[in-house]
Amino acid sequence: MNELRQRVANEVAKAVVGLDDVIDGILMAVVSGGHILLEGPPGTAKTLAARAVSRCLGLEFTRIQFTPDMLPSDITGTMALSGDSLRFRPGPLFSGAVLADEINRTPPKTQAALLEAMQERSVTVDGTSHPLPDPFVVVATQNPIEYEGTYPLPEAQLDRFMMKLDVDYPTENEEIAIADLERVGLSDAAVETIVNVTSVQEILDTRSRLDAVRVEDKVTAYAVRLVRHTRSLPSVELGASPRATVHLLAAAKAWALLQARDFVTPDDVHDQASLVLSHRLVMTADAAIDRYNPADAVKAALTAVPVPK
Ligand SMILES: Nc1ncnc2c1ncn2[C@@H]1O[C@H](COP(=O)(O)OP(=O)(O)OP(=O)(O)O)[C@@H](O)[C@H]1O
Ligand SMILES: [Mg+2]
Numbered sequence: 159m160n161e162l163r164q165r166v167a168n169e170v171a172k173a174v175v176g177l178d179d180v181i182d183g184i185l186m187a188v189v190s191g192g193h194i195l196l197e198g199p200p201g202t203a204k205t206l207a208a209r210a211v212s213r214c215l216g217l218e219f220t221r222i223q224f225t226p227d228m229l230p231s232d233i234t235g236t237m238a239l240s241g242d243s244l245r246f247r248p249g250p251l252f253s254g255a256v257l258a259d260e261i262n263r264t265p266p267k268t269q270a271a272l273l274e275a276m277q278e279r280s281v282t283v284d285g286t287s288h289p290l291p292d293p294f295v296v297v298a299t300q301n302p303i304e305y306e307g308t309y310p311l312p313e314a315q316l317d318r319f320m321m322k323l324d325v326d327y328p329t330e331n332e333e334i335a336i337a338d339l340e341r342v343g344l345s346d347a348a349v350e351t352i353v354n355v356t357s358v359q360e361i362l363d364t365r366s367r368l369d370a371v372r373v374e375d376k377v378t379a380y381a382v383r384l385v386r387h388t389r390s391l392p393s394v395e396l397g398a399s400p401r402a403t404v405h406l407l408a409a410a411k412a413w414a415l416l417q418a419r420d421f422v423t424p425d426d427v428h429d430q431a432s433l434v435l436s437h438r439l440v441m442t443a444d445a446a447i448d449r450y451n452p453a454d455a456v457k458a459a460l461t462a463v464p465v466p467k
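Following the numbering used here, the numbering of the sequence shown begins with 159 at its first residue and continues without gaps.
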């Protein structure tokens, strides 16, 4: 998979400067069947990166801009008259890669429809279940400075995302490289030149290889201890769930594969923990007042739980 990773990285680099961890993260999610949450300020290429990666993975890409007046059926689809019979008309969720932009802007009912589809990999309308494509990946964005007047996702739902990746402002040199990219007016011309460098079959084959990645008992035990430790921290009101353990080990396996290894090391678990755990933690009111945040709590767990030798 490190060879696939290289192909993807080279292709995406035509249009996107930096953001290596976002590109790796989306690839890891596609391969393991997880979903990604991106958090970062506006204009930092969250949309562009998701579009570029889907394009080079050959996945159909749709972008759903979430708004306060959106209904669940606007994303899942509805029954519509076709001739004189009612037929299911699939919504924008029926796509290999879905960019769910600003999920915190839509009311809970519509958020729930998205998260349910992510989990079930199908959509049920009028009692009939319609399977979503495979591979199917949701990349959702939240904008951290715009929380006011929005509908923050309950942690129980954030738990469905395999990883949360933070997107930061570029360095000065990166920003110069961004400015120098080919454009037509304001629009990114380079992204149109990205070609598909893989196939659905290769993605599914990589998933089988992921399942075969070996995890020693002591590594599993380490992941379990880390997750359980988040539940016992005094600053944390709600710790990470057993689902988080499953996601952490899947991320560690995908990460190992990206490094061309067929076994997980304790360091893989250690390195993925901050990406996999922090968005699942609910801090106590006191911790929040002290600006002690979930990332700090994950760091505390990483310090407290010894890495097995
Ligand atoms: N790292 C980057 N590489 C290439 N282009 C970039 C990069 N960062 C910003 N840009 C430029 O800025 C534009 C804005 O990016 P994009 O629309 O993807 O941002 P966003 O993070 O999705 O913003 P928003 O939160 O407002 O949706 C891109 O289309 C591109 O022209
Ligand atoms: Mg965007």
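Glycine included, each C-beta is placed from N, C-alpha and C at the ideal position.
Checking the 7 angstroms criterion, the Cβ of Asp420 is out of range of every heavy atom belonging to ligand 1. For Ala370, there is no enclosing beta strand (DSSP E), as DSSP gives it neither H nor E. With a cutoff of 7 angstroms, Pro392 does not count as near ligand 1, since its C-beta is closer than that to no heavy atom of the ligand. Residue state for His193 is assigned as coil, using DSSP reduced to three classes.
Within the region 212 to 296, the runs of beta strand (DSSP E) that reach at least 3 residues and sit entirely inside it are, in chain order, 219 to 223, 235 to 240, 243 to 248, 255 to 259, 280 to 283, 286 to 289. Shortest gap from the CB of Ile336 to any heavy atom of ligand 1: under 7 angstroms.
If the five residues before and after Thr403 are omitted, its C-beta is found closer than 8 angstroms to the C-beta atoms of Ala381, Val382, Val385, all from its own chain and listed in chain order.
For Asp324, there is no enclosing alpha helix (DSSP H); the residue is part of the beta strand (DSSP E) that begins and ends at 321 to 324. Around the beta-carbon of Leu239, fewer than 16 other beta-carbon atoms lie within 10 Å, marking it exposed. When the Cα atoms are used, Ala173 and Arg165 turn out to be separated by approximately 14 angstroms. Of the heavy atoms belonging to ligand 2, at least one sits nearer than 7 angstroms to the Cβ of Asp259. Note on geometry: alpha-carbon atoms of Pro293 and Leu215 lie some 10 angstroms from one another.
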